[in-house]
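Heads up, the sequence shown is in this note's numbering, so the first residue is 10 and it goes up one at a time. Every residue, glycine too, gets a C-beta built ideally from N, C-alpha and C. One structure below.
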Amino acid sequence: EVVIQSGLQTPSEVEPAVRSAQDLVLGLDAPEQEGRAVARSGFSRNVVVLEIQGAPVNLTLVDLPGIIHAVERADQAHFKQLVHELVVQYISRPSAIIVAAVSCKEDIDTQGILSLAREADPEGLRTVGVLTKPDQIEAACEHTWVDVLMGKRYPLQLGYYMVKNPNQKQLLEGVGFKEARAAEAGFFKNQPPWSNTAACAGRLGADNLRHNLSKVLVELTARLMPNMLAEASRKLSETEAQLAALPSAPGAGGLEL
């Protein structure tokens with residue numbers, strides 16, 4: 010474990026620190042070659058951890074890379090398997106809520122995350138679909154995504170939500186959180202078909218997504234609590250048995266060396 014920076018106090022300090030950690034992680038995977046710059050890999054099993062203190066919750070968010078189907082060079086072919094294994098490793102954990110991000114910019118049939126989510130969560134009790142980039146849907150194809158949002162295509166038990174986040178240009182221009190949410194609300198209010206699909210209203214926007222993810226988290230925790238308590242009790246019994254097996258401490262009349 011390598012600490013890149015500690016004691017961050019403002020949001021503006023976070024991005025440079027995370028980028029430094031990402032650079033280090035990607036560089037660690039590259040073979041050292043004397044006299045040559047170290048080539049950086051595109052993906053890594055190493056993890057960049059950002060620990061936030063102060064909130065009265067104990068929650069871990071894992072940002073996984075998107076599933077890839079093609080690479081730029083032949084020597085990068087192993088990235089496809091690496092990313093697949095990383096995704097499966099994390100979403101297979103029974104305590105993980107799977108937030109399956111699906112881009113509206115691409116055909117949903119070509120996006121593999123939903124298939125992986127079904128394999129990891131066959132009962133669908135911890136998978137929430139999130140549709141992104143609704144402003145980049147191809148003209149005259151909006152009805153396809155309305156059907157997905159309404160659960161008529163690729164249905165999920167917990168359903169889908171749609172969000173519109175700033176694009177890369179807007180992020181570089183420094184668009185803040187409040188501005189982004191206001192722009193998102195304006196988009197869904199004024200842009201057909203979302204503006205005239207009342208049945209979808211509760212599934213549009215990051216606020217609705219956040220509210221419902223909180224409900225899913227509470228329900229998942231309640232389901233897992235009996236198993237967590239049983240596991241804690243088992244480990245406590247094991248520890249007590251190990252302590253009982255230790256030899257007694259020497260008394261006052263014990264041997265001296």
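Beta strand (DSSP E) containing residue i: first to last residue?
| i | result |
| --- | --- |
| Met-237 | Taken as a continuous stretch (DSSP letters only), Met-237 belongs to no beta strand (DSSP E), being part of the alpha helix (DSSP H) at 215 to 254. |
| Leu-140 | 136 to 141 |
| Ile-61 | Looking at the DSSP string, Ile-61 is not in any beta strand (DSSP E), and its letter there is neither H nor E. |
| Ala-109 | 107 to 112 |
| Tyr-163 | Neither: Tyr-163 is in no beta strand (DSSP E) and is coded neither H nor E. |
Using alpha carbons as the reference points, say which of the options lies closest to residue i.
| i | options | result |
| --- | --- | --- |
| Leu-33 | Gln-14, Pro-20, Glu-22 | Gln-14 |
| Pro-20 | Gly-183, Val-57, Ala-215 | Gly-183 |
| Gln-62 | Pro-164, Leu-229, Ser-257, Leu-17 | Leu-17 |
| Arg-162 | Arg-243, Leu-213, Ile-117 | Ile-117 |
| Arg-102 | Thr-136, Ala-241, Val-23 | Thr-136 |
| Leu-167 | Leu-218, Ala-149, His-93, Gln-177 | Leu-218 |
| Val-96 | Leu-73, Ala-194, Val-56 | Leu-73 |
Starting from residue i, follow its DSSP beta bridges and name the residues at the other end.
| i | result |
| --- | --- |
| Thr-119 | Its beta-bridge partners do not exist; DSSP assigns none. |
| Tyr-169 | Gly-138 |
Can you tell me whether residue i is buried or exposed, with buried defined as 16 or more other CB within 10 angstroms of its CB?
| i | result |
| --- | --- |
| Ala-129 | buried |
| Ser-53 | buried |
| Ala-48 | Confidence in Ala-48 is poor, its pLDDT being 47 and thus under 50, which makes the residue's placement unreliable; the coordinate value appears in the next sentence. The residue is exposed, with fewer than 16 neighbouring Cβ atoms inside 10 Å. |
| Val-58 | exposed |
Where does the unbroken alpha helix (DSSP H) through residue i begin, and where does it stop?
| i | result |
| --- | --- |
| Ala-79 | From DSSP, Ala-79 is part of no alpha helix (DSSP H); its letter is neither H nor E. |
| Ala-194 | 186 to 199 |
| Glu-22 | Careful: Glu-22 lies outside any alpha helix (DSSP H) and carries neither H nor E. |
| Glu-182 | Here Glu-182 belongs to no alpha helix (DSSP H), and DSSP marks it neither H nor E. |
| Glu-97 | The amino acid at residue 97 is misidentified as Glu; the sequence shows Val. First-last of the alpha helix (DSSP H) with Val-97: 87 to 100. |
Checklist entry - Counting Cβ pairs, one atom from each stretch, are 3 or more of them under 8 Å apart for the stretch 137 to 148 and the stretch 103 to 119? => result yes
Next on the checklist: Whether or not the stretch 193 to 212 and the stretch 151 to 163 are in contact is what I'm after, with contact meaning three or more pairs of Cβ atoms, one per stretch, closer than 8 Å; do they touch?
Outcome noted: yes
Item to check | Three or more C-beta pairs below 8 Å linking the stretch 80 to 97 and the stretch 55 to 67 | outcome: no
Item to check | At least 3 beta-carbon pairs within less than 8 Å: the stretch 170 to 178 vs the stretch 120 to 127 | outcome: no
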